[in-house]
Amino acid sequence: MLSYIGKRMLQLIPVLLGMTFLVFMIIRAIPGNPAQIILGQQATKESVEALTIKLGLDNPWYIQYFKYLGNLFKGDLGESMRTRAPVSDEIWPYLAATFELALFAIIIAIIIGVNAGIISAWFQNSWFDYTAMIFALIGVSMPIFWLGLMGQWVFAVENPWLPTGGREQVRDPVNAITHLYIVDTIIQGRFDQLWQVFRHLILPGLALATIPMAIIARMTRSSMLEVMRSDYIRTARAKGQKMFWVVYKHALKNAIIPVLTIIGLQMGMLLGGAILTETIFAWPGVGRYIYDAIGFRDYPVIQSAILIVALFFVLINLIVDLLYGLIDPRIKYD
Amino acid sequence: MSEFVPKADGIAVMKVEKTVGPWREAWNGFKKSKVAVVGMCIVLFFILLAIFGPLIAQEGINDQVLKDRLLPPSSEYWLGTDDLGRDILSRIIYGARISLWVGFFSVIGSVVVGSALGIIAGYYGRWVDTIISRIFDIMLAFPSILLAIAIVSVLGPNLRNALIAIAVINVPNFGRLIRSKVLSIKEDEYITAAKGIGMKDARILVSHILPNSMAPVIVQGTLAIATAILEAAALGFLGLGAQAPMPEWGKMLADSKDFLHSAPWTMIFPGLAIMLTVLGFNLMGDGLRDALDPKMKS
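Residue numbers (this note's numbering), protein chains in the order written: chain L, 168 to 501; chain Z, 2 to 299.
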């Protein structure tokens, strides 16, 4: 197992290097002098030259790349053009906000998606099966920004049951420690704030959960249908075990592997896809951070934030791969 | 089907029944799925809307009639008007042109580039394959919408660049698909035979390998159009795709954000149009998969 983890890590190195190269090339691909574009047409020649040197754009591209790589190894993600703060300091609160939202969304998606899939397979061709699968089909075709706006309209604007956006009540801000507000409020014993933080999570979380929920439900259903036809399920039923245990204990264990792959992929997608939900619900996450950076042509932020999100995406996929072995002992690593 | 039927005088005569070609067979399979046919009808509806839309829609979709701003659906404006007094129905009809155009052409772009790279990687193998496959891996390591945003942020926000970005991010999907198909086909005996009679690589690729790898590409392409339409709308929504006053559905949704309370119809109908179109392509893609490529059936 350990050697497998090591091997997978080694395999990741070329991909990670490639990712840094691609992200590095983003700024290089801008037509014209990036320094001029960053400073605008009104900038003086001197200031353009100064920025060109500061960004190291006067060096050949391979030297620039190795410098960039060297800085990355030192944990230096560059400096925001807009706030002048190091990106590595600035990014954590945004990352934490996105992480909290994505985690909340994937938990909802797993609970509802997996159960809907199981029940659909259990009662195949029943009205529940048909309804769930129609919803799942609509779910995968749903533009989440539209769903988010609809949710906001119904549950926040017309009926002010939930907040329209943000992470916390403006009048009673959370005292951030980890920047995961659920954790922070619990640590500080502020359960009134915990409730507010939870209320803020519901609408964006549900909007973000819709697509993965639909995909997970479809995957679970088809995977369960396949397993339910196996001999050992018939045996379990023949010996008189309750159907509930047959489904949830015996069948699910074997049906969950492909579902797990999908869950891992979707979690990665959520980190990237959160940008739309974050825009609608004014959620101060990393997607929002990138979006604002684009507006200001803040290239160091765009580069680094995209790289960090992609890094998480790769890591999540690795973790999912490793989880297989825990769930299914038949899978051998070599 | 053909079979030999012995005749009374002892001479066997081949009885030829009407043969069914592979396309006809696929169509017969496709027809059987009601859901797929519904999907096809939705897609056809939007295609017809895009082609003949100008005959139905009011003229001057960008004309601002400020006295008629934010009117609810009525007999004059079936789907109401937006904040600049423009007819939403007409704008949605014109929007179908934009969305379908982006959907089709971005996918055609990804298919052409992806197929070329996939075929080269799969057929030549070795270091060519390693390089191309690693590039695909790296591109797939990024969440697709983020990569699209990064590309548009470099190229500049407009519809053409959004189309290019969407085409680029989908290249590795088609590339990998074709590569794996080529890998399995190139071991087939008829390819060995073609090589044996001295056929050139290029001709083998174009006239044998390409046509035989097309079924999964058609399936994946249909599903990719759905995703491309969603991605284009997402970029438009973020202000990184179509720019005002273009009647792009995602852009229309973005403009509706401030009028959720006073004019929810400005938000409901463009979103519904996106969802229906995407649903149509998804249903059709699922049906095509079952008909053309039974092995991919889940």
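Glycine included, C-beta positions come from ideal geometry on N, C-alpha and C.
Quick caveat: nothing in here was measured; it's all calculated off a predicted structure.
### Message
Would Z/Val279 pass as an interface residue toward chain L - the criterion being a Cβ-Cβ separation below 7 Å?
### Response
yes
#### Entry: Spatial distance of Z/Leu199 from Z/Ile192 (CA atoms)
The amino acid occupying residue 199 of chain Z in the given sequence is Gly; Leu does not appear at that position. About 11 Å.
### Query
Applying the criterion that 16 or more other CB atoms from any shown protein chain within 10 Å of the CB defines a buried residue, is L/Phe271 buried or exposed?
buried
#### Entry: Under the three-state DSSP convention, the category Z/Asp88 falls into
strand
### Task
Identify whether Z/Ser299 lies in helix, strand or coil by the three-state DSSP scheme.
For Z/Ser299, the predicted model reports a pLDDT of 43, less than 50, meaning its position is unreliable; a value from the coordinates is still stated below. Residue state for Z/Ser299 is assigned as coil, using DSSP reduced to three classes.
### Contact set between Z/Leu72 and chain L, taken where Cβ atoms lie within less than 7 Å
Residues of chain L passing the Cβ test: none, with the nearest at roughly 18 Å.
### Query
Would a check of beta-carbon distances place L/Leu316 closer than 7 Å to chain Z?
yes
### Query
How is L/Pro330 classed by DSSP in three states: helix, strand or coil?
L/Pro330 falls in the coil class under three-state DSSP.
### Closest by C-alpha distance to L/Ser247, when choosing among L/Ser255, L/Phe240 and L/Lys241
L/Ser255
### Query
Is the CB-CB distance between Z/Phe143 and L/Ala472 below 7 Å?
no
### Span of the alpha helix (DSSP H) around L/Val413
Neither: L/Val413 is in no alpha helix (DSSP H) and is coded neither H nor E.
### Query
Where Z/Trp79 and L/Leu370 are concerned, what is the direct C-alpha to C-alpha distance, given to the nearest angstrom?
If you take the alpha carbons of Z/Trp79 and L/Leu370, they lie about 30 Å apart.
### Query
What do you get for L/Gly465, buried or exposed, if any count of 16 or more other CB atoms within 10 angstroms of its CB means buried?
The displayed chain sequence assigns Asp, not Gly, to residue 465 of chain L. Classification for L/Asp465: buried.
### Query
Counting contacts by CB-CB distance shorter than 7 Å, is L/Trp320 in contact with chain Z?
yes
### Query
Z/Thr278 and Z/Asp83: beta carbons closer than 7 Å?
no
### Message
If we define contact as Cβ-Cβ less than 7 Å, is L/Pro201 a contact residue for chain Z?
### Response
no
### Task
Spatial neighbours of L/Leu184 within its chain, please: CB distance less than 7 Å, with the 5 preceding and 5 following residues excluded, ordered by chain position.
none
### Message
Relative to the C-alpha of L/Phe463, which candidate in L/Ala217, L/Arg175, L/Met176 and L/Ile205 has its C-alpha closest?
### Response
L/Ile205
### Message
Can you check whether the C-beta of Z/Lys298 is within less than 7 Å of a C-beta belonging to chain L?
### Response
Residue confidence is low: Z/Lys298 scores 48 on pLDDT, short of 50, so the model does not pin down where it sits. No coordinate-derived value is stated.
### Query
Are Z/Ile136 and Z/Leu206 close, meaning C-beta to C-beta below 7 Å?
Contact: no.
### Distance between Z/Leu211 and L/Phe480 (C-alpha atoms, nearest Å)
33 Å
### Task
For L/Tyr458, go through chain Z and note every residue whose CB falls closer than 7 Å to its CB, in chain order.
Around L/Tyr458, the beta-carbon contacts reaching into chain Z at under 7 Å are Leu239.
#### Entry: Neighbourhood of Z/Lys182 by C-beta distance below 7 Å, restricted to the same chain and skipping five residues each side
The answer, listed in chain order, is Ser214 and Pro217.
### Query
On the three-state DSSP scale, how would you describe L/Thr187?
helix
### Message
In the DSSP assignment, the alpha helix (DSSP H) including Z/Glu26 goes from what residue to what residue?
### Response
Annotation for Z/Glu26: the continuous alpha helix (DSSP H) segment containing it runs Pro23 to Lys33.
### Query
With a cut-off of 7 Å, does the C-beta of Z/Val220 fall near any C-beta of chain L?
no
### Message
Does L/Glu246 come out as helix, strand or coil in the three-state DSSP assignment?
### Response
strand
### Query
In whole angstroms, what separates the C-alpha of L/Val321 from that of L/Gly372?
15 Å
### Query
Do you know how far the Cα of Z/Ala274 is from the Cα of Z/Gly81?
Straight-line Cα distance between these residues: approximately 15 Å.
### Query
In chain L, which residues lie with their C-beta within 8 Å of the C-beta of Z/Asn283?
Chain L residues near Z/Asn283: Leu304, Val307 and Ser308.
### Task
State the start and end residues of the unbroken alpha helix (DSSP H) segment that holds L/His346.
Note, L/His346: premise wrong, no alpha helix (DSSP H); not H, not E.
### Residue range of the unbroken alpha helix (DSSP H) whose run includes Z/Asp189
Careful: Z/Asp189 lies outside any alpha helix (DSSP H) and carries neither H nor E.
### Query
So, using beta-carbon positions, are Z/Leu49 and Z/Gly123 closer together than 7 Å?
no
### Query
What separation, rounded to the nearest whole angstrom, lies between the Cα atoms of Z/Leu56 and Z/Ser76?
Z/Leu56 and Z/Ser76 have their C-alpha atoms spaced approximately 18 Å apart.
### Rounded straight-line distance, which links the Cα of L/Trp259 to that of L/Tyr235
20 Å
#### Entry: Inter-residue Cα distance where the pair is Z/Gly176 and L/Pro310
Z/Gly176 and L/Pro310 have their alpha carbons spaced roughly 26 Å apart.
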